[in-house]
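**Q** Numbering (my numbering), first residue to last: 10 to 213.
Here it is, the structure in full.
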Amino acid sequence: MKHTQVGEVMTADVVSVDRSTSFREIAKLLADHDITGLPVVDEDDRVASESDLLARRALMAADIMSAPAVTVRAQESVSEAGQLMTRLDLQRLPVTDEEERLVGIVTRRDLLRVFLRPDAEIRRHVSDDVLSDRIGAAAEAVDVHVLDGVVTLAGRLERQSQIPLALRLTARLDGVVAVVDELTARMDDSRLIPPERGAQPITW
């Protein structure tokens, strides 16, 4: 089951500065590129931090940057990046490679493009990729209803342990905002198999 990765939606042409960049130069870059912040990198292009919104005057980037640096890997999923942004109340994240070098930047707007996925397409992936391929449920066992990215699963699976797995896998699909659980099971095997952790709604 393929998930959209940060590297697929990020902007690769990144405007960045080093610690010695002056306040005036930063202000000009922000104005010229119509942005509110930019990454601060070292001599090896590794992200040191990110400059703040220029709320106060300073001499150099080192004086106004936030620390420690919060970054995301290009291989991470859009959902993971979105949850990180929400948790830390960020509008953008520098994207790094395996050696922590800057390769791009991703914003909330970039991530939200994934959530414009049509409901019919989400429904098809839930039915085919999650319920049929991963859970092994019969086509008529579960009714999948999708409205504005909110997926409702209603029906009966064979085993109780399949329910949290179905919820978790559905929540991870691109475009899914939240999952409503209306599932039951024919057999309660919860005492035999440790249950999977239930999926949580995505709130960003």
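Ideal Cβ positions, reconstructed from N, Cα and C, are used throughout, including at glycine.
Given 7 Å as the limit, tell me if Ala83 has its C-beta closer than that to any heavy atom belonging to the ligand HEM.
**A** Within the structure as shown, the ligand HEM is missing, as the structure has no ligands at all.
**Q** Which class does Glu52 belong to by DSSP, given the choice of helix, strand or coil?
**A** coil
**Q** If we call anything under 8 Å between Cβ atoms a contact, is Asp106 one with Ala78?
**A** no
**Q** Would you tell me roughly how many angstroms separate the C-alpha atoms of Val18 and Leu38, rounded to the nearest one?
**A** 23 Å
**Q** With contact counted as at least three CB pairs below 8 Å, one residue from each stretch, are the segment 132-142 and the segment 38-57 in contact?
**A** no
**Q** Using the Cβ count rule (16 or more neighbours within 10 Å means buried), how would you classify Thr20?
**A** When all chains shown are included, Thr20 counts as exposed.
**Q** Short of 6 Å in beta carbon distance, which residues of its chain neighbour His154, apart from the five on each side in sequence? Order them along the chain.
**A** Setting aside the 5 residues that flank it on each side, His154 is surrounded in the same chain by Thr161, each with a C-beta closer than 6 Å to its C-beta; the list follows chain order.
**Q** Should Ala36 go down as buried or exposed, given a rule of 16 or more other Cβ atoms within 10 Å for buried?
**A** Exposed is the label assigned to Ala36, since fewer than 16 other Cβ atoms lie within 10 Å of its Cβ.
**Q** Hey, could you find the ends of the beta strand (DSSP E) Asp190 is sitting in?
**A** Here the beta strand (DSSP E) through Asp190 covers 187-196.
**Q** Leaving aside the five residues before and after Arg122 along the sequence, list all residues of the same chain whose C-beta is less than 7 Å from its C-beta, in chain order.
**A** Val18
**Q** Starting from Asp41, trace the alpha helix (DSSP H) in both directions and tell me its first and last residue.
**A** 32-42
**Q** Can Leu174 and Ala194 be called in contact, C-beta distance under 8 Å?
**A** no
**Q** Write down every uninterrupted run of the beta strand (DSSP E) in the segment 71-106 whose length is 3 residues or greater and which is fully enclosed by it, in chain order.
**A** 101-105
**Q** Can you give me the C-alpha to C-alpha distance between Leu63 and Arg33, rounded to a whole angstrom?
**A** Per-residue confidence for Leu63 stands at a pLDDT of 45, beneath the threshold of 50, marking its modelled position as unreliable; no derived number is given.
**Q** Mark Pro48 as exposed unless 16 or more other C-beta atoms lie within 10 angstroms of its C-beta, in which case mark it buried.
**A** buried
**Q** Using the Cα positions of Gly46 and Arg177, report the straight-line distance between them to the nearest angstrom.
**A** 34 Å
**Q** Quick check on Arg200: does DSSP put it in helix, strand or coil?
**A** Coil at Arg200, not helix or strand.
**Q** Please go through the same chain and pick out, in chain order, the residues whose beta-carbon is closer than 8 Å to the beta-carbon of Gln100, but skip the five residues on each side of it.
**A** Thr45, Gly46, Met94, Thr116, Arg117
**Q** At what residues does the alpha helix (DSSP H) containing Thr179 begin and finish?
**A** 171-180
**Q** What does Thr161 pair with, by DSSP beta-bridge criteria?
**A** Partner(s): His154, Val189.
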